[in-house]
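Undergrad: Residue numbers (the working numbering): 10 to 226. Where is the CB? At the ideal position from N, CA and C, for every residue including glycine. Only a predicted model underlies this, so the values are computations on that prediction, with no experimental measurement involved. Got a structure for you, written out below as structure tokens; questions coming shortly.
See the structure below:
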């Protein structure tokens, strides 16, 4: 009995934590334990029920006890199809088994089924980053930023990669990373600095290249 109460309290705490962390989310996809999923505009939640408004204006309650998990999105058009999500979850399962090759295949299938699947692009980017292929990782992080410009985590990714490239004396690649930060996140605190740094790094590299050509000649 004590264990059941502890688990129940954990589930409630988890959902309330999710509510607080997804302040900017406007829509919710609620997955029920019976396999159904319900999509609508997020209204509120308490310890007993989640409330959403359906497309036809109907407001419904989904008991917390019947809920498996919830996905929050800011744009209803970013809700993946059921088939795409199946591939995504298969990919996550393969990751847990340490099968990154199979996971990547599933994430790519999820994207093929639903080209705006930002989470699938993100997982592939993380895999490439783990493999040390930063260029491919940046490409997929760029897809995430293009699909979901409210994902400020990508801005930090671009900044960190740019700084890494500077440390490795790869100015052109650093400039590209800074440019992506300023392009996709113009309101970010580092956007203006990133834009300036991108131009400065590109100019410095160009001048150095011209100087080396003159020396050769």
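1) Evaluate the contact criterion for the stretch 61-77 versus the stretch 90-102: three or more CB pairs, one atom per stretch, below 8 Å.
2) Could you tell me whether the Cβ atoms of residue 157 and residue 63 are closer together than 8 Å?
3) Between the beta-carbon of residue 58 and the beta-carbon of residue 39, is there less than 8 Å?
4) For residue 88, name the three-state secondary structure that DSSP assigns.
5) Would you say residue 132 and residue 100 are within 8 Å of each other, going by their C-beta atoms?
6) Going by the C-beta, is residue 172 closer than 7 Å to any heavy atom of the ligand PLP?
7) With residue 58 as the anchor, note down where its beta strand (DSSP E) starts and where it stops.
8) Is there contact between the stretch 132-141 and the stretch 110-122, where contact requires at least three CB pairs shorter than 8 Å?
9) Give the DSSP-derived three-state secondary structure of residue 122 in the structure shown.
10) So, are the CB atoms of residue 147 and residue 184 less than 8 Å apart?
11) Quick check on residue 61: buried or exposed, where buried means 16 or more other Cβ atoms within 10 Å of its Cβ?
12) By Cβ distance, which residues of its chain are closer than 6 Å to residue 150, with the 5 residues on each side in sequence left out?
13) Tell me where the beta strand (DSSP E) around residue 53 begins and ends.
14) Between 177, 56 and 48, which lies nearest to residue 67 when the distance is taken from Cα to Cα?
15) Identify whether residue 168 lies in helix, strand or coil by the three-state DSSP scheme.
16) Going by DSSP, what residues sit across from residue 195 in a beta bridge?
17) Near residue 53, which residues of its chain fall below 6 Å by C-beta distance, leaving aside the five closest residues on each side in sequence?
18) DSSP on residue 72, reduced to helix/strand/coil?
19) Starting from residue 41, trace the beta strand (DSSP E) in both directions and tell me its first and last residue.
20) Quick check on residue 83: does DSSP put it in helix, strand or coil?
21) Going by other Cβ atoms of all chains shown within 10 Å of its Cβ, with 16 needed for buried, is residue 176 buried or exposed?
TA: So, from the listed chains and residues:
1) No: fewer than three Cβ pairs fall under 8 Å.
2) no
3) no
4) Residue 88 falls in the coil class under three-state DSSP.
5) A distance below 8 Å separates the beta carbons of residue 132 and residue 100.
6) Of the ligands one can find in the structure shown there are none, so the ligand PLP has no counterpart to examine.
7) 58-62
8) yes
9) helix
10) no
11) buried
12) 134, 163 and 166
13) 46-54
14) Nearest C-alpha to residue 67: 48.
15) helix
16) Note: residue 195 sits in no beta bridge, so no partner.
17) 60
18) In the three-state DSSP reduction, residue 72 falls in the strand class (E or B).
19) 36-41
20) coil
21) The residue in question, residue 176, is exposed, as its Cβ has fewer than 16 Cβ neighbours within 10 Å.
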